[in-house]
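Structure, as structure tokens:
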Amino acid sequence: MSSRDERRANAKELNAALEEAAGMRPCDGCTECCTIIGVRSLNKLPGQRCKFVGESGCKTYPNRPQECRQFYCFWRFGYMDDEDRPDKSGIVLNPRQMNDVSFLMVSESRPGAVEKYADKLEDLAAAQGVSIVFGNIAEQTVTRVFGPTSAFFELCMANPHLVGLHIAQRNERGLSWFVAKEARPGTLKYFNDRLRDDAETLGSVVLTGTFNSTEPVDIYGPPDAVAALASLIAERQGIGKPRAIGKA
Ligand code: SF4
Ligand code: SF4
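The sequence shown maps to residues 8 to 255 in the working numbering.
This is how it looks when you write it as structure tokens:
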């Protein structure tokens, strides 16, 4: 072994010992994140297998780029089951924070893996009280968000361009409701069903569209709350026309 290879092996060993002491699971042959992440300095796009992936992991580990050092794999920190290791499950979870809201990004290395894990992801999101976001942020194609209503609304309110949905709370004449609007064209088609369910959970109403426009709007929520908001809209003759009332 050359002295360079020896230094690499020593650095890996030391790092593995430190991680074990910190309670982190070993990667043990998994290299999924090395395909999933994008590494600008290597001209590596997300989804491309890195040229430095070797039989026992990264061949340039001590000198790996900053993006690799800053990637945190949720499974390694002890979440999910041992058998859900990313190379076996086909999903990689990565904690993020944006505008003071924490969430998890989930990426799949095998098509359909996220759908297969949907129930488990829903349970994990509920247990952690966060949203789990599936999609490609760089390509602005978030298509699904797992997790509790409160976390989903908080995420959209603080980061409308992440999910592509702008949610704001409104209060008027003793009524309280949320307005959901597209922050990117076409996003509502992914979230309309979810917003209907969320509106029921909230006991409030969610209005999709623009309250103060002549465009038709959809109102979701428990019947009483929907009826109260619909009559408020009706009072504003010609301003907003309720199209769908209540849960279909
Ligand atoms: S996805 Fe997680 S377990 Fe797999 S190589 Fe990356 S850090 Fe290790
Ligand atoms: S440089 Fe190493 S750690 Fe980074 S993506 Fe490539 S193989 Fe993985």
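C-beta atoms are modelled at their ideal positions from N, C-alpha and C, and glycine is treated no differently.
Distance cut-off 7 Å: residue i Cβ against heavy atoms of ligand 4
i, result
"phenylalanine 141", "With respect to ligand 4, the structure shown offers nothing to examine, as its ligands consist of ligand 1 and ligand 2."
Test item: CB-CB of residue i and residue j under 8 Å
i, j, result
"isoleucine 139", "valine 99", "no"
"phenylalanine 110", "leucine 49", "no"
"glycine 210", "glutamate 189", "no"
CA-to-CA distance, residue j to residue i, given in whole angstroms
i, j, result
"phenylalanine 160", "histidine 173", "9 Å"
"arginine 191", "phenylalanine 141", "16 Å"
"threonine 208", "leucine 52", "39 Å"
"glycine 253", "glutamate 90", "At glycine 253 the pLDDT is 48, less than 50, meaning the model places this residue with poor confidence; the figure from the coordinates comes in the next sentence. For glycine 253 and glutamate 90, the distance between alpha carbons rounds to 42 Å."
"alanine 165", "serine 63", "41 Å"
"valine 186", "alanine 241", "17 Å"
"alanine 235", "leucine 182", "8 Å"
"arginine 201", "proline 102", "23 Å"
"valine 257", "alanine 134", "For the chain, the structure presents residues 8 to 255; residue 257 sits outside this window and is missing."
"proline 72", "leucine 128", "30 Å"
"aspartate 107", "serine 238", "37 Å"
"methionine 87", "glutamate 39", "16 Å"
"valine 46", "glutamine 77", "11 Å"
"cysteine 65", "valine 233", "56 Å"
"glutamine 55", "leucine 131", "28 Å"
"proline 33", "glutamate 122", "26 Å"
DSSP state of residue i mapped onto helix, strand, coil
i, result
"glycine 253", "Any answer about glycine 253 is weak, because its pLDDT of 48 lies below 50 and its placement is not dependable; what the coordinates show is given next. Coil."
"methionine 112", "strand"
"arginine 83", "helix"
"methionine 31", "coil"
"alanine 165", "helix"
"isoleucine 226", "strand"
"isoleucine 43", "helix"
"arginine 117", "coil"
"threonine 194", "coil"
Distance cut-off 7 Å: residue i Cβ against heavy atoms of ligand 1
i, result
"arginine 92", "yes"
"tryptophan 184", "no"
"threonine 156", "no"
"glutamine 163", "A small correction: the amino acid at residue 163 is cysteine; glutamine does not occupy that position in the sequence shown. Result no, Cβ not under 7 Å from ligand 1."
"glutamate 39", "yes"
Any non-hydrogen atom of ligand 2 closer than 7 Å to residue i Cβ
i, result
"arginine 71", "yes"
"valine 99", "no"
Bridge partner(s) assigned by DSSP for residue i
i, result
"phenylalanine 185", "Gln176, Val213"
"glutamine 104", "Ser109"
"leucine 36", "The sequence shown places glycine at residue 36, not leucine. Looking at the DSSP assignment, glycine 36 forms no beta bridge with any residue, so it has no partner."
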